[in-house]
Amino acid sequence: MEAIATAPLMTADAFAAALADPRHAWPSREWALLDVREHGAYERGHIPGATSLPRRRLEYRVAELVPARTTPVVLYDDGGDDRRALLAADDLRGYGYSGVSVLDGGLDGWRARGGLPVTGVNVPCKTFGERVLVEDRVRHLDVVALDARRAAGARVAVWDVRTAEEFGDAHIPTAQSAPGFELALRLMDLEAECDTVVVNCAGRTRSIIGAATLALLGARSVYALENGTMGWRLAGRTLERGEAGSIPPSPGSRAYAVARAESLARTHGVVLLSPSGLSVLLARPSADARILDVRTKDAFEAGHIAGATFAPGGQAVQRADDFIAVPGADVVFVDDGDARALLAAYWYRRIGFPRVHVLAGGVPAWRASGRRVTRGRPSTVPLGLAAATSAAPFLDAAILASRLGEPPETRPLVVDVGASRDFAAGHLPGAVWLPRGSLELLAAGLRPDRAVVLASADEGQSILAARALARVGREQIHVLEGGVGAWRAAGFLLAEGLPDGVNADDMVEPPYRRGLAGMRSYLEWEIALHGQAQTLEPDA
Numbered sequence: 020m021e022a023i024a025t026a027p028l029m030t031a032d033a034f035a036a037a038l039a040d041p042r043h044a045w046p047s048r049e050w051a052l053l054d055v056r057e058h059g060a061y062e063r064g065h066i067p068g069a070t071s072l073p074r075r076r077l078e079y080r081v082a083e084l085v086p087a088r089t090t091p092v093v094l095y096d097d098g099g100d101d102r103r104a105l106l107a108a109d110d111l112r113g114y115g116y117s118g119v120s121v122l123d124g125g126l127d128g129w130r131a132r133g134g135l136p137v138t139g140v141n142v143p144c145k146t147f148g149e150r151v152l153v154e155d156r157v158r159h160l161d162v163v164a165l166d167a168r169r170a171a172g173a174r175v176a177v178w179d180v181r182t183a184e185e186f187g188d189a190h191i192p193t194a195q196s197a198p199g200f201e202l203a204l205r206l207m208d209l210e211a212e213c214d215t216v217v218v219n220c221a222g223r224t225r226s227i228i229g230a231a232t233l234a235l236l237g238a239r240s241v242y243a244l245e246n247g248t249m250g251w252r253l254a255g256r257t258l259e260r261g262e263a264g265s266i267p268p269s270p271g272s273r274a275y276a277v278a279r280a281e282s283l284a285r286t287h288g289v290v291l292l293s294p295s296g297l298s299v300l301l302a303r304p305s306a307d308a309r310i311l312d313v314r315t316k317d318a319f320e321a322g323h324i325a326g327a328t329f330a331p332g333g334q335a336v337q338r339a340d341d342f343i344a345v346p347g348a349d350v351v352f353v354d355d356g357d358a359r360a361l362l363a364a365y366w367y368r369r370i371g372f373p374r375v376h377v378l379a380g381g382v383p384a385w386r387a388s389g390r391r392v393t394r395g396r397p398s399t400v401p402l403g404l405a406a407a408t409s410a411a412p413f414l415d416a417a418i419l420a421s422r423l424g425e426p427p428e429t430r431p432l433v434v435d436v437g438a439s440r441d442f443a444a445g446h447l448p449g450a451v452w453l454p455r456g457s458l459e460l461l462a463a464g465l466r467p468d469r470a471v472v473l474a475s476a477d478e479g480q481s482i483l484a485a486r487a488l489a490r491v492g493r494e495q496i497h498v499l500e501g502g503v504g505a506w507r508a509a510g511f512l513l514a515e516g517l518p519d520g521v522n523a524d525d526m527v528e529p530p531y532r533r534g535l536a537g538m539r540s541y542l543e544w545e546i547a548l549h550g551q552a553q554t555l556e557p558d559a
């Protein structure tokens, strides 16, 4: 049996000293701090500035988050008997990462030394949003005030800056969709059509940033809808479903937004890159540069720069810590040569990111320079997948079905290591769910005299799990070829639901799906962020 991995340890004292150095603070540090626990644990408490990358997602996202294999990476888990960070460090070294260390004692050890975890997700940017609300004096109104304006005869337009998918799922009646910074392109048109623009999201951050953006561009009367669609529901109102329509901006309105956005971006240190300049930047072997494409989903899938991440404007700002694990590295925003990338870059500079760029002319300029684009949705091949396929043979659905009919003492154990949500939606009858991030630590609970068949919705997760089991000495391992989908396609039945008592910590429901009490609790937490940040400042 291969021993559980070891890795260089960073002591709690050394880690605290690093965080106290302004050069290593978020969002300027040039190394990655990755929390390899599940999302639920991360939400309940994590080290400020850490990016959540559960070990089960490591092979799928780390090359995107930390492109340069020489970049220092610090991993942590809960500490104590939790060895997921050590396992992840071993994985990363196998993929060529040379500067990986593990926080000694994990989160518990850091907390014992006086560290103060933060709760929630996307905390840095939601805190920033609350700061903008105060510092930029963003005007906001609640549902009652919105009704009063309409009753008084004012021409009020409500614009929803969430993604088109979120809008289609549930939106305020009469609201129109303008994801991210699409709304900025329509500002001149809006000024002619209505007296007041009200910007909403699901909660607070994106509506605050959206309203502040319009105000910076010169909007006469713009407000953020207080607490967004959650505030609407808490006021006893209902939401509607339905896809978003598309209202293109006029050429004059677009040109106005571009001119104002260019001025904002330049005065805040945003650097414009030519296509050749971007190519040079990406070719540097030590580059951790991230390309964030802030266009619509349809535009992105019609053609984007290879390696770019789809991050519509509002998402790019609200979820910066999800997209950027090495904040001191270069961040390049891309659009179609309009204002959206400039505005996203402006806000990143306001947040404090040091090296922020915009591709001048956007994707059209990239194409015009003779450079290629990639079409469709990005497909990620997990690191190490090809090598891992040799760890266990494949078994097709028909053969597995036959073997599951054998007597209990010879019947194989079916293990599903996919997401708990996928397991609940449909799994092979009799399968047990084990989180892949902890699989080596849980393998001792599997009967050693029984064969194991790994069957998950994502075949890649099963293949990587087979390698993990082989490394700890497990024998008789198989992978269901094609995963759960192949089992279903072969006409075999699936079971649904999670067993009682299973702690599925890998999924975090958004606050608007947690009932009215959950919404209230979330909004109270978000509103308090600015005050909490002030109390933590040394000169506060």
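Once you know that position 229 of the sequence shown is 248 in the numbering used here, the rest is easy, because the numbers rise by one and skip nothing.
For glycine and all other residues, C-beta sits at the position ideal for the given N, C-alpha and C.
Self-check item: S457 burial status per 10 Å Cβ neighbour count (16 or more: buried)
Solution: buried
Self-check item: Which residues DSSP lists as bridging H159, in chain order
Solution: A243
Practice problem: Report the option in R486, E281 and S265 whose CA atom is closest to the CA atom of D357. | Solution: E281
Quiz item: Rounded to the nearest angstrom, how far is the Cβ of E320 from that of R394, given a contact under 8 Å?
Solution: 7 Å
Quiz prompt | Unbroken beta strand (DSSP E) run spanning T215, endpoints | solution = T215 to N219
Quiz item: Short check: CB of A15 to CB of Y367, under 9 Å?
Solution: The first residue shown for the chain is 20 and the last is 559, placing residue 15 beyond what the model contains.
Practice problem: Report yes or no: do the region 417–427 and the region 483–494 share at least 3 C-beta pairs separated by less than 8 Å? | Solution: no
Quiz prompt | Beta carbon proximity, R130 to chain D, threshold 9 Å | solution = This model lacks chain D altogether; it includes just one protein chain.
Quiz prompt | Contacting residues, own chain, Cβ-Cβ under 6 Å from R539 (five flanking each side not counted) | solution = none
Exercise. Under 7 Å Cβ to Cβ from N141, same chain only, skipping five residues before and after it: list those, please.
Key: Q337, R338, D340 and D341
Quiz item: In terms of alpha-carbon separation, which member of F372, G347, I324 and P346 lies closest to D354?
Solution: I324
Quiz item: How should R132 be labelled, buried or exposed, when 16 other C-beta atoms within 10 angstroms of its C-beta is the threshold for buried?
Solution: exposed
Practice problem: Please name the residue in M207, D155, E459 and M29 whose C-alpha comes closest to that of A238. | Solution: M207
Exercise. Count the other CB atoms, across all protein chains shown, that sit within 10 Å of the CB of T182; report buried if there are 16 or more and exposed otherwise.
Key: buried
Exercise. Quick one: residues in its chain with C-beta nearer than 6 Å to the C-beta of R279, no 5 flanking neighbours on either side, listed in chain order?
Key: L236
Practice problem: Pick out whichever of A411, A379, D32 and A108 has its Cα sitting closest to the Cα of L297. | Solution: A379
Exercise. Starting from the Cα of V472, find the closest Cα among G464, A463 and I482 and give me that residue.
Key: I482
Quiz item: Name the DSSP bridge partner or partners of F352?
Solution: L311 and V377
Quiz item: Hey, which unbroken runs of the beta strand (DSSP E) at 3 residues or more fall wholly within the region 37–102?
Solution: 51–54 and 92–95
Quiz prompt | Closest residue to N219 among D161, G537 and A243 (Cα-Cα distance) | solution = A243
Practice problem: May I ask you to verify whether the region 436–451 touches the region 522–530, counting CB pairs closer than 8 Å and requiring at least 3? | Solution: yes
Quiz item: What is the DSSP secondary structure of I227, counted as helix, strand or coil?
Solution: helix
Self-check item: Three-state secondary structure (DSSP) of I4
Solution: Nothing can be reported for residue 4, as the shown portion of the chain is limited to 20 through 559.
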